[in-house]
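Note that the protein sequences, when read in sequence, are chains A and B. Just so we're aligned, residue 13 is where the first sequence starts under the numbering used here, counting upward by one. Just so we're aligned, residue 242 is where the second sequence starts under the numbering used here, counting upward by one. Think of the CB as a built atom: it goes at the ideal place given N, C-alpha and C, for glycine as much as any other residue. For reference, the structure discussed in these notes is given below.
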Amino acid sequence: MASSTALRGRRVKRQLRTSPWLFAAPGLLITGAFILYPFVSTVVNSFTDRRTLIPGRFVGLANFRELLHDDMFWTGLRNSTLYVLGVVPALVVLPLLLALLVQKNIPGIAFFRSVFYTPVVASVVVVGLIWVWLLDERGLVNSLLETVGVGRVGFLSDQWLLLLSAMAVTVWKGLGYYMIIYLAALANVERELHEAAAVDGAGAVRRFLTVTVPAVRSTMVLVGALSSVAAFKVFSEVYLMAGPSGGPAGEDTTLVMLVQRTGTGLTGRVGYASALSVVVFAVTVALMLLVLRADRREES
Amino acid sequence: MSVLEKAPSRRRPAAATAREPRAGLRDEHGRRIRAWELVLRYVLLLAVLALTAGPFLWQLSTSLKGPTEDIFSSPPKFLPGHPTLHNYERVSATIPVWDYALNSLKVATANVVTNCAGSALAGYALARLRYRGRAAATLTFVLAMLVPVEGIVIAQFTTMRELGLNNTLVAVVLPGSIGAMNVLLMRNAFRNLPYEIEEAAYVDGANVWQRFLRIALPSVKGTLAVVAIFSFMGAWDDFLWPLIVLSDPSRFTLTIGLNYLHGTFAGDERLVAAGTVIAVAPLIALFACLQRYFFRGVGEGAVKG
Numbered sequence: 013m014a015s016s017t018a019l020r021g022r023r024v025k026r027q028l029r030t031s032p033w034l035f036a037a038p039g040l041l042i043t044g045a046f047i048l049y050p051f052v053s054t055v056v057n058s059f060t061d062r063r064t065l066i067p068g069r070f071v072g073l074a075n076f077r078e079l080l081h082d083d084m085f086w087t088g089l090r091n092s093t094l095y096v097l098g099v100v101p102a103l104v105v106l107p108l109l110l111a112l113l114v115q116k117n118i119p120g121i122a123f124f125r126s127v128f129y130t131p132v133v134a135s136v137v138v139v140g141l142i143w144v145w146l147l148d149e150r151g152l153v154n155s156l157l158e159t160v161g162v163g164r165v166g167f168l169s170d171q172w173l174l175l176l177s178a179m180a181v182t183v184w185k186g187l188g189y190y191m192i193i194y195l196a197a198l199a200n201v202e203r204e205l206h207e208a209a210a211v212d213g214a215g216a217v218r219r220f221l222t223v224t225v226p227a228v229r230s231t232m233v234l235v236g237a238l239s240s241v242a243a244f245k246v247f248s249e250v251y252l253m254a255g256p257s258g259g260p261a262g263e264d265t266t267l268v269m270l271v272q273r274t275g276t277g278l279t280g281r282v283g284y285a286s287a288l289s290v291v292v293f294a295v296t297v298a299l300m301l302l303v304l305r306a307d308r309r310e311e312s
Numbered sequence: 242m243s244v245l246e247k248a249p250s251r252r253r254p255a256a257a258t259a260r261e262p263r264a265g266l267r268d269e270h271g272r273r274i275r276a277w278e279l280v281l282r283y284v285l286l287l288a289v290l291a292l293t294a295g296p297f298l299w300q301l302s303t304s305l306k307g308p309t310e311d312i313f314s315s316p317p318k319f320l321p322g323h324p325t326l327h328n329y330e331r332v333s334a335t336i337p338v339w340d341y342a343l344n345s346l347k348v349a350t351a352n353v354v355t356n357c358a359g360s361a362l363a364g365y366a367l368a369r370l371r372y373r374g375r376a377a378a379t380l381t382f383v384l385a386m387l388v389p390v391e392g393i394v395i396a397q398f399t400t401m402r403e404l405g406l407n408n409t410l411v412a413v414v415l416p417g418s419i420g421a422m423n424v425l426l427m428r429n430a431f432r433n434l435p436y437e438i439e440e441a442a443y444v445d446g447a448n449v450w451q452r453f454l455r456i457a458l459p460s461v462k463g464t465l466a467v468v469a470i471f472s473f474m475g476a477w478d479d480f481l482w483p484l485i486v487l488s489d490p491s492r493f494t495l496t497i498g499l500n501y502l503h504g505t506f507a508g509d510e511r512l513v514a515a516g517t518v519i520a521v522a523p524l525i526a527l528f529a530c531l532q533r534y535f536f537r538g539v540g541e542g543a544v545k546g
């Protein structure tokens, strides 16, 4: 790098002053106009009563005070939080077990790995509709349950079963993705450690807990962080399975569904939806910090 | 990222030893796998296979069942008695599904082109060019990557209204057209290239564009392929943003069209099933051909994200 500095000619110097900005300009422009500006404008709008067709006035904290008395907001916050609590443990543990299952290079394993990844590739809309049909009152799952004598279950009509089913679909769709992340981490686990533990007479479960888990612990934290942020922002699965209005009496509405419902359309309350969005930002940041802090505490 | 690519190559010697006579199957540590363990593994693998592939196959089977065939039977009938494409004809008679597919293809292709070009250019500037403000530019992309898209869709929507782009496919593409994460991925790829090659070209009088196009870019083709594939998949699968920005049914993409189909003809399972198969088949085909890059992208994205 030092030698290139010595080689700089005057012409090149001039070129170097303008061209970097030309190179970066499209990216900076798009990012500024469609990510950072909307972010700032969301925060600003949250202090106004702006509507889709009506420019807003500054109303101070009125939107946030309204939030506190809005039952739908608390429903949304509850459901999005429950989603994190339900989905994250499953997505931290199950893909790790799956990765251990596909790690050994036995015949046909590449085929299994690919098929396990397929739900990741499919659109969440496709996945959602596939499961709406599977979990239908007269769908395949209920046919099977009836055949084995359990009887039919209203997966998509009960408020709590609906939320639980949506969580299961999120986990089903995410398994393959996190499996690949764990596979990369497992490739780095020292095989000597496993052998030493085996010689010491540790069984498979003991070896998993004392060798594998500590070795992939930082990956587990990463998966926890990624999946908890994604789970809190859940929209599509619940929207498709419970319907746009969020299931019976709207009781399955998530926070992002509420943002979408409140802020869009010709009568959309942009100001209030922005205040809801600010809550989404705040919780997202808090979740990240929480996971990272838990990681650091465990380390020390 | 590189860890992922190392993984299979590390196992290759183990696979080679497995072919030796009487050696039996060995795991990646070179230990023999016992027969009962092997059986247990395949049983579990097949169980997970049924769970992951089963729902797709059931959807395919439903879409191929004719109007007279019972799709609600208990115990269920897994194979269609008289497979027919009737439901696919019905989908295209009900909604302009091929127009929607074309819209999705347009959006996805545009997303690939803009992301590849934009993130390669910006990534190169961040990695290789020395200029004042580079740290600030890098920080801009890092911050943008951390912004949760779900929280800004309403403001993006009002921004599009102000630009008069609402309800157009351009508006669907624009916000994600140069993803911050792709820029940072490309930046890392360029940074990992040895500097000496470009230095030699520099001495030979090659200017910035020539160095970028002829030397740097061909060396990061792998990462560029990852960016391309994930841009295509992201645009093809996206739901929330097109749902918000598109209101005119003639401009719908496939995912929004499917949502409409489901909302209007929810009781017609064969019809919805045929629609979902149309939407998912191209991506599964793409995945089958380019698996390597899909897996590699997960590793790179996770390291960054």
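Query                                                                                                                                                                  : Result
So which of L205/A, T224/A and V153/A has the shortest CA-CA distance to L168/A?                                                                                       : V153/A
Taking the alpha helix (DSSP H) that T325/B falls in, what are its first and last residues?                                                                            : Premise fails: T325/B is in no alpha helix (DSSP H) and is neither H nor E.
Given this structure, state the Cα-to-Cα distance separating L214/B from V235/A, to the nearest angstrom.                                                              : Chain B is shown only over 242 to 546; residue 214/B falls outside these bounds and no answer can be derived.
Does DSSP put F506/B in a helix, in a strand, or in coil?                                                                                                              : coil
Keeping to the same chain, check which residues put their C-beta closer than 6 Å to that of A285/A; ignore five residues upstream and five downstream.                 : V271, T274 and G275
So, are the CB atoms of G188/A and F128/A less than 8 Å apart?                                                                                                         : yes
Does chain A have any CB closer than 8 Å to the CB of R282/B?                                                                                                          : yes
As a quick exercise: from D489/B, P389/B and V413/B, pick the residue whose alpha carbon is nearest that of W477/B.                                                    : V413/B
May I have the straight-line CA-CA distance separating Y534/B from E78/A, to the nearest angstrom?                                                                     : 48 Å
Which chain A residues are close to G463/B, counting only those with a beta carbon under 9 Å from its beta carbon?                                                     : Near G463/B there are no residues of chain A at all, since even the closest Cβ is about 16 Å away, more than 9 Å.
What's the gap between the Cα of R373/B and the Cα of A466/B?                                                                                                          : 30 Å
Between the C-alpha atoms of P308/B and L531/B, what's the straight-line distance to the nearest angstrom?                                                             : 37 Å
Where does F59/A fall in DSSP's three states?                                                                                                                          : coil
Give the residues of chain B in contact with R158/A, contact being defined as C-beta atoms less than 8 Å apart.                                                        : Reading the sequence as shown, one finds Glu at residue 158/A and not Arg. Within chain B, the residues near E158/A are S315.
Can you pull the chain B residues whose beta carbon is under 8 Å from the beta carbon of S230/A, in chain order?                                                       : What S230/A touches in chain B: nothing, since even the nearest Cβ is about 12 Å away.
For F70/A, which residues does DSSP report across the bridge?                                                                                                          : T60/A
Does the beta carbon of A349/B come closer than 8 Å to any beta carbon on chain A?                                                                                     : no
Which bits of chain B does L110/A rub up against, with CB to CB less than 9 Å?                                                                                         : V289
Determine the direct distance from the alpha carbon of T64/A to that of G280/A, and round the result to whole angstroms.                                               : 5 Å
Comparing the C-beta of V133/A with each C-beta of chain B, is any distance below 8 Å?                                                                                 : yes
For E310/B, which of helix, strand or coil comes out of DSSP?                                                                                                          : coil
If you count every other CB in all the chains shown that lies within 10 Å of the CB of W277/B, and 16 or more means buried, which is it?                               : exposed
If you draw a straight line from the C-alpha of I348/B to the C-alpha of D212/A, how long is it?                                                                       : For clarity, residue 348/B is Val in the given sequence; the question names Ile instead. Roughly 58 Å separates the two Cα atoms.
Using the beta-carbon count (16 or more within 10 Å), is T400/B buried or exposed?                                                                                     : buried
I'd like to know whether the C-beta atoms of A134/A and V521/B end up nearer to each other than 8 Å.                                                                   : yes
Use the C-beta contact count for H503/B: other C-beta atoms within 10 angstroms, 16 or more gives buried, fewer gives exposed.                                         : buried
For the segment 500 to 520 of chain B, enumerate the residues whose C-beta is nearer than 9 Å to any C-beta of chain A, in chain order.                                : N500, L502, H503, G504, A507, E510, V513, A514, G516, T517, V518 and A520
Cβ closer than 7 Å: which chain A residues qualify as neighbours of A422/B?                                                                                            : At residue 422/B the sequence reads Met, which differs from the Ala that was named. Under the 7 Å cutoff, chain A gives no residues; its nearest Cβ is about 11 Å from M422/B.
If you compare alpha carbons, which of V291/A, F123/A, G259/A and Y190/A is closest to V104/A?                                                                         : Y190/A
Which of the three DSSP states is assigned to S135/A in this structure?                                                                                                : coil
Which same chain residues, not among the five before or five after S31/A, have their C-beta less than 8 Å away from its C-beta?                                        : none
Would you mind listing the alpha helix (DSSP H) stretches within the segment 104 to 174 of chain A that are 4+ residues and don't spill past its ends, in chain order? : 121 to 133, 136 to 146 and 152 to 159
Quick test of your reading: G364/B and V424/B, contact by CB under 8 Å. State the CB separation rounded to the nearest angstrom.                                       : 5 Å
Output the distance between the C-alpha atoms of W461/B and V290/A, rounded to the nearest integer angstrom.                                                           : The amino acid at residue 461/B is misidentified as Trp; the sequence shows Val. V461/B and V290/A: Cα-Cα distance of roughly 38 Å.
Taking only three categories from DSSP, how would you classify H206/A?                                                                                                 : helix
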